[in-house]
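The structure appears right after this line, and notes come after that.
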Ligand SMILES: Nc1nc2c(c(=O)[nH]1)N[C@H]1C(S)=C(S)[C@@H](COP(=O)(O)O)O[C@H]1N2
Ligand SMILES: [Mo]
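Numbering (this note's numbering), first residue to last: 178 to 429.
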């Protein structure tokens, strides 16, 4: 038996079980809404989950590779003159920004033993990871930057995420809400970043805290995170995917 035959068989078995999924009718996987496009997302998701080992790291670069880095999408959730302004959260963000995020707290709740409210100082006391990675935006540009923050797995352990937990939801101070599965959530390079290129995370890049989800494209790395909710079920808020019809799973 050659070395390749084992993963290949695993892959075929995975495709077979994929076919059986709609019959099962459970929520073991993100839904396809009967759409052909969404079925392709699901195949990408399952194929990557099968053939890429869970802890495979993306490439990390040297300080000399750091490039200029544009700020895209929401660059200030406190600015009411923008289409993505969140009437409820925008003013709260503006207030927190004025005090240098001294009173800001990250709320972590849901299927956890102990919900917490973490200050920036709390987050800085937790295990820390610095990584220089390439950000790839779906709009066709990429940039290399250095991110420092808390691995998400450290926070999930801190709150005692349920063994039945399957997704981590993120809520931002603009209108975004999104979730990732536990494979991504426990990945060593999935961090909540408060530092960028050796300084505090700038407002435009998501201050005080943003997600770095290195194995997916840019729009999955949510900026301006205010709350994380651990859940056992998939819920996309009736959006049928991500905003504007983009894939929920966008692995690279
Ligand atoms: N809250 C929030 N997060 C967001 C966005 C956004 O508009 N709002 N834009 C996304 C997109 S499309 C990209 S490419 C990156 C851009 O991050 P940057 O501004 O640090 O370059 O953030 C992502 N996260
Ligand atoms: Mo993007």
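Beta carbons: idealized from backbone N, C-alpha and C, even for Gly.
query: Helix, strand or coil at residue 200 [DSSP, three-state]; result: Confidence in residue 200 is poor, its pLDDT being 34 and thus under 50, which makes the residue's placement unreliable; the coordinate value appears in the next sentence. Note: residue 200 maps to helix in three-state DSSP.
query: Every unbroken beta strand (DSSP E) inside the stretch 220-290 [3 residues or more]; result: 283-287
query: Segments assigned alpha helix (DSSP H), at least 4 residues, entirely inside the stretch 302-386; result: 329-336 and 359-362
query: Cβ-Cβ distance between residue 426 and residue 207 below 8 Å; result: yes
query: At least three beta-carbon pairs within less than 8 Å, the stretch 364-373 to the stretch 406-415; result: no
query: Residues near residue 339 by beta carbon distance below 6 Å, same chain, minus five either side; result: 288
query: Whole-Å CB distance - residue 172 paired with residue 284, under 8 Å assumed; result: With the chain covering only 178 through 429, there is no way to say anything about residue 172.
query: Enclosing beta strand (DSSP E) for residue 392 [first to last residue]; result: Run containing residue 392: none; DSSP gives neither H nor E here.
query: Cβ neighbour criterion (16 or more within 10 Å) applied to residue 210; result: exposed
query: Neighbour-count burial assignment, residue 407, 16 or more Cβ in a 10 Å radius; result: buried
query: Extent of the continuous beta strand (DSSP E) run through residue 408; result: 402-408
query: Exposed unless 16 or more other CB atoms sit within 10 angstroms - verdict on residue 300; result: buried
query: Integer Cβ distance of residue 278 from residue 295, believed to fall under 8 Å; result: Not a contact, Cβ separation roughly 12 Å.
query: Those residues which DSSP pairs with residue 295 across a bridge; result: 283
query: CB of residue 360 within 8 Å of CB of residue 226, strictly; result: yes
query: Whole-Å CB distance - residue 246 paired with residue 322, under 8 Å assumed; result: 5 Å
query: Buried versus exposed call for residue 391 [16 or more other C-beta atoms within 10 Å across all chains shown]; result: buried
query: Residue burial classification, residue 334 (beta-carbon count within 10 angstroms, cutoff 16); result: exposed
query: Spatial distance of residue 290 from residue 241 (CA atoms); result: 43 Å
query: C-alpha distance - residue 363 paired with residue 329, whole-angstrom precision; result: 7 Å
query: Any non-hydrogen atom of ligand 2 closer than 7 Å to residue 429 Cβ; result: no
query: Residue 375 versus 396, 382, 324 and 401, residue with shortest Cα-Cα distance; result: 324
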